[in-house]
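Novice: So the sequence shown is residues 20 to 592, counted in the numbering used here.
Even for Gly, the Cβ is constructed at its ideal location relative to N, Cα and C.
In this text, all values refer to a predicted model and were calculated from it rather than measured experimentally.
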Amino acid sequence: MSTDKKLRSYDWFGKSDKMGFVHRSWLRNQGYPDDYFKGRPVIGICNTWSELTPCNGHLRDFAEIVKRGVVEAGGFPLEFPVTSLGETIMRPTTMLFRNLAAMDTEESIRANPLDGVVLLTGCDKTTPSTLMGACSVDLPTIVVPGGPMLNGRYRGECVGSGSFNWLHKEKQKVANFSDADIHEMEIGAARSQGHCMTMGTASTMACMVEAMGLTLPGAAAIPAVDSRKKVMAQLSGRRIVEMVKEDLTLSKVLTRKAFENAIVVNAAVGGSTNFIIHLLAIAGRLGVELNLEDFDTIGSKIPLLVNLKPSGKYLMEDFYYAGGLPVVLKEMKQYLHNEAITVNGRPIGENNAEIPCYNNDVIVTVDAPLQKEAGIAVLKGNLCENGAIIKPSAASPELMKHRGRAVVFESIEDYHQRIDEPDLDIDETCVIVLKGVGPKGYPGMPEVGNVDLPEKLLRKGVRDMVRISDGRMSGTAAGTVVLHVSPESAVGGTLALVMDGDMIELDVANRRLHLDVSEEELQKRRAAWIPPAPLAARGYVRIHIEHVQQAHLGADLDVLRGGSGSEVTRDLH
Ligand code: FES
Numbered sequence: 020m021s022t023d024k025k026l027r028s029y030d031w032f033g034k035s036d037k038m039g040f041v042h043r044s045w046l047r048n049q050g051y052p053d054d055y056f057k058g059r060p061v062i063g064i065c066n067t068w069s070e071l072t073p074c075n076g077h078l079r080d081f082a083e084i085v086k087r088g089v090v091e092a093g094g095f096p097l098e099f100p101v102t103s104l105g106e107t108i109m110r111p112t113t114m115l116f117r118n119l120a121a122m123d124t125e126e127s128i129r130a131n132p133l134d135g136v137v138l139l140t141g142c143d144k145t146t147p148s149t150l151m152g153a154c155s156v157d158l159p160t161i162v163v164p165g166g167p168m169l170n171g172r173y174r175g176e177c178v179g180s181g182s183f184n185w186l187h188k189e190k191q192k193v194a195n196f197s198d199a200d201i202h203e204m205e206i207g208a209a210r211s212q213g214h215c216m217t218m219g220t221a222s223t224m225a226c227m228v229e230a231m232g233l234t235l236p237g238a239a240a241i242p243a244v245d246s247r248k249k250v251m252a253q254l255s256g257r258r259i260v261e262m263v264k265e266d267l268t269l270s271k272v273l274t275r276k277a278f279e280n281a282i283v284v285n286a287a288v289g290g291s292t293n294f295i296i297h298l299l300a301i302a303g304r305l306g307v308e309l310n311l312e313d314f315d316t317i318g319s320k321i322p323l324l325v326n327l328k329p330s331g332k333y334l335m336e337d338f339y340y341a342g343g344l345p346v347v348l349k350e351m352k353q354y355l356h357n358e359a360i361t362v363n364g365r366p367i368g369e370n371n372a373e374i375p376c377y378n379n380d381v382i383v384t385v386d387a388p389l390q391k392e393a394g395i396a397v398l399k400g401n402l403c404e405n406g407a408i409i410k411p412s413a414a415s416p417e418l419m420k421h422r423g424r425a426v427v428f429e430s431i432e433d434y435h436q437r438i439d440e441p442d443l444d445i446d447e448t449c450v451i452v453l454k455g456v457g458p459k460g461y462p463g464m465p466e467v468g469n470v471d472l473p474e475k476l477l478r479k480g481v482r483d484m485v486r487i488s489d490g491r492m493s494g495t496a497a498g499t500v501v502l503h504v505s506p507e508s509a510v511g512g513t514l515a516l517v518m519d520g521d522m523i524e525l526d527v528a529n530r531r532l533h534l535d536v537s538e539e540e541l542q543k544r545r546a547a548w549i550p551p552a553p554l555a556a557r558g559y560v561r562i563h564i565e566h567v568q569q570a571h572l573g574a575d576l577d578v579l580r581g582g583s584g585s586e587v588t589r590d591l592h
């Protein structure tokens with residue numbers, strides 16, 4: 020019987036009553052010796068392994084390695100599965116299920132006799148979803164990011180995972196690639212276990228959890244197949260047992276300072292715009308004050324130090340060999356809260372004080388940045404009363420101040436149907452407006468904001484245009500793309516009222532997005548606006564539509580904001 024009354028698991032395993040007997044007895048069917056029930060901290064290994072999530076396909080083996088560390092440190096590891104979200108495979112979009120996976124994680128942790136948790140993550144949404152759930156319970160928690168794949172290769176060149184897709188599309192449209200060419204791309208894109216190896220959403224989120232102090236130092240960039248990743252997993256298993264003894268809970272690490280550090284680091288690494296939505300949702304679980312404007316105030320003047328695709332030249336494997344995130348944290352120390360505590364119990368500044376950089380072309384110095392200001396710009400205006408975002412480092416400088424005629428698509432289906440019509444009235448000065456792809460309108464808010472340009476303009480050599488939508492864009496995409504417009508069109512935001520021929524003004528320097536239509540005319544249009552017919556949804560999708568919040572709040576379900584803590588009572592919720 021467990022003897023340590025301070026442990027949460029004591030409630031399950033420490034009692035001599037009937038339920039204590041039941042809890043111990045049934046677990047013994049897996050062959051645990053007596054001492055496992057005598058005061059060892061019970062560590063839940065929350066595994067997002069799935070063969071349907073290729074990026075996390077190696078995490079079943081990793082769980083065994085974490086267990087090694089847990090046992091070495093005197094803990095009792097128990098692995099459990101949670102909903103896994105495979106970005107390239109799930110339909111219509113994994114984002115639809117992020118909150119479901121978070122709910123699964125939260126209840127799996129709270130309902131079970133766990134004292135601490137290790138989150139095994141990788142593919143885009145598996146990091147934010149598990150972290151959101153874990154935050155609502157607030158046990159000692161450490162993240163083991165699964166790591167990126169080795170660099171993609173194509174005919175002697177390095178090509179990034181997501182970048183392959185864009186290249187593939189363009190080549191098909193413009194250069195008529197042969198089937199053999201495409202096959203060669205296909206087999207070179209994903210050469211090893213691990214997640215996408217550009218600075219897309221998965222790599223961004225791995226860097227973010229390290230920047231917030233939730234991993235052991237240096238964990239984010241290690242490739243999935245590098246033996247040092249396994250060492251990191253084992254050491255994390257050891258460390259979580261100590262964290263339980265120290266009662267180093269998530270909320271003690273994830274303070275407002277940790278979030279501010281993440282915003283700074285996201286800008287410095289050129290991270291994905293999806294990070295904004297996830298960070299807002301995570302903060303909402305902990306009750307940390309964070310709003311959309313913070314991303315601009317704290318992050319927009321931050322220099323870009325990491326030369327990685329999609330905006331730069333290299334890939335995650337190169338980033339790791341150059342020294343990885345610790346080098347960035349050291350370089351950026353003047354911008355960071357260096358005293359913020361991390362899961363190893365030390366301040367983040369101390370962890371990364373002595374790290375050398377091995378390749379100054381991959382990670383440049385803060386005195387000679389790749390760009391002086393690399394963060395996210397938050398736009399306001401009558402077209403986005405609650406905000407919209409743009410990533411200036413991924414946009415075309417000449418389009419950052421632009422006035423153009425709107426060409427409106429009422430839905431993504433409408434866009435697909437008409438974008439390549441030869442007589443579509445559009446030229447490179449126009450602004451493409453896409454409606455109906457926000458959190459409610461297209462449940463899950465798909466990554467379609469960076470819609471392709473019309474084929475006839477691509478053939479003319481046009482490579483970028485201003486695009487505006489209430490959707491998201493892939494972390495591996497680029498362009499002058501205004502995203503996350505809030506309120507979205509499906510709930511009657513001004514975006515819903517835009518018509519073909521309206522003039523739109525984008526002025527990134529002044530953070531302005533304006534629909535040049537009189538207030539009187541807008542009121543007329545608003546009165547005549549008919550909300551889209553509700554989707555005939557049932558089950559989880561219906562719950563999502565009814566409860567999902569707007570993008571500027573992180574698109575979490577309203578009923579999931581905040582946390583219930585780790586105590587289990589009848590009236591918990
Ligand atoms: Fe999983 Fe890109 S598809 S990280």
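(1) Which same chain residues, not among the five before or five after residue 591, have their C-beta less than 7 Å away from its C-beta?
(2) Using only alpha-carbon positions, find the residue among 115, 26 and 556 that is nearest to residue 296.
(3) Roughly how many whole angstroms lie between the Cα atoms of residue 358 and residue 298?
(4) Is the Cβ-Cβ distance between residue 98 and residue 118 less than 8 Å?
(5) What would DSSP say about residue 429, mapped onto helix, strand or coil?
(6) Determine the direct distance from the alpha carbon of residue 372 to that of residue 525, and round the result to whole angstroms.
(7) Nearest to residue 174 by alpha carbon, out of 202, 79 and 162?
(8) Helix, strand or coil: how does DSSP classify residue 32 here?
(9) Between which two residues does the alpha helix (DSSP H) harbouring residue 147 extend?
(10) So, using beta-carbon positions, are residue 218 and residue 152 closer together than 8 Å?
(11) Tell me whether residue 42 counts as near the ligand MG, meaning its Cβ is closer than 7 Å to at least one heavy atom of that ligand.
(12) Return yes when the Cβ of residue 395 is within less than 8 Å of the Cβ of residue 346, no when it is not.
(13) DSSP has residue 66 in a bridge; who is on the other side?
(14) On a CA-only basis, which of 284, 282, 285 and 276 is nearest residue 307? Give me that one, please.
(15) Going by other Cβ atoms of all chains shown within 10 Å of its Cβ, with 16 needed for buried, is residue 69 buried or exposed?
(16) Give the secondary structure of residue 214 by DSSP, where H, G and I count as helix, E and B as strand, and everything else as coil.
(17) If you count every other CB in all the chains shown that lies within 10 Å of the CB of residue 548, and 16 or more means buried, which is it?
(18) Alpha carbon to alpha carbon, how far is residue 556 from residue 108?
(19) Measuring only from the beta carbon, is residue 221 closer than 7 Å to any heavy atom that is part of the ligand FES?
(20) Could I get the ranges of all uninterrupted alpha helix (DSSP H) runs contained in the region 295-368, with 4 residues as the minimum, in chain order?
(21) Below 8 Å on the Cβ atoms is my guess for residue 113 versus residue 136; work out the distance and round it to an integer in Å.
(22) Helix or strand or just coil, what does DSSP make of residue 580?
(23) Using a Cβ-based criterion (distance less than 7 Å to any ligand heavy atom), does residue 142 qualify as near the ligand FES?
(24) Go ahead and label residue 255 buried or exposed: buried means 16 or more other beta carbons lie within 10 angstroms of its beta carbon, across all protein chains shown.
(25) Verify whether the separation of the beta carbon atoms of residue 14 and residue 421 is less than 8 Å.
(26) Starting from residue 408, trace the beta strand (DSSP E) both ways and give me its first and last residue.
(27) Please work out which residues of its chain come closer than 6 Å, Cβ to Cβ, to residue 31, disregarding the five sequence neighbours upstream and downstream, and give them in chain order.
(28) When burial is assigned at 16 or more other CB atoms within 10 Å of the CB, is residue 333 buried or exposed?
(29) My output table needs one value for residue 171: the three-state DSSP class, helix, strand or coil.
(30) Using only CA atoms, which one of 165, 468, 474 and 328 lies nearest to residue 439?
(31) Given the structure, does residue 180 come close to the ligand FES, in the sense that its CB is under 7 Å from one of the ligand's heavy atoms?
(32) Label residue 227 either buried or exposed according to how many other C-beta atoms from any shown protein chain fall within 10 Å of its C-beta, with 16 as the threshold for buried.
(33) Which of the three DSSP states, helix, strand or coil, is assigned to residue 592?
(34) Grab the span of the alpha helix (DSSP H) containing residue 220 for me, first residue to last.
(35) Go ahead and pull the three-state DSSP assignment for residue 267.
(36) Is DSSP giving residue 444 helix, strand or coil here?
Specialist: Walking through what the data contain:
(1) Low per-residue confidence applies at residue 591: pLDDT is 48, beneath 50, and the placement is therefore not dependable, though the value from the model is reported in the following sentence. Excluding positions up to five away in sequence, the list reads 583.
(2) 115
(3) 20 Å
(4) no
(5) coil
(6) 41 Å
(7) 202
(8) helix
(9) 145-156
(10) no
(11) Questions concerning the ligand MG fall outside what the structure shown contains, since the ligands it does hold are the ligand FES.
(12) no
(13) 100 and 139
(14) 276
(15) buried
(16) strand
(17) exposed
(18) 21 Å
(19) yes
(20) 311-318, 335-341 and 344-350
(21) Their Cβ separation, rounded to whole angstroms, is 22 Å, which puts residue 113 and residue 136 out of contact at 8 Å.
(22) coil
(23) yes
(24) buried
(25) Since the first and last residues shown for the chain are 20 and 592, residue 14 lies out of range.
(26) 403-409
(27) 42 and 132
(28) buried
(29) strand
(30) 474
(31) yes
(32) buried
(33) Any reading at residue 592 is ruled out, since the residue's pLDDT is 42, under 50, leaving its predicted position unreliable.
(34) 220-230
(35) coil
(36) coil
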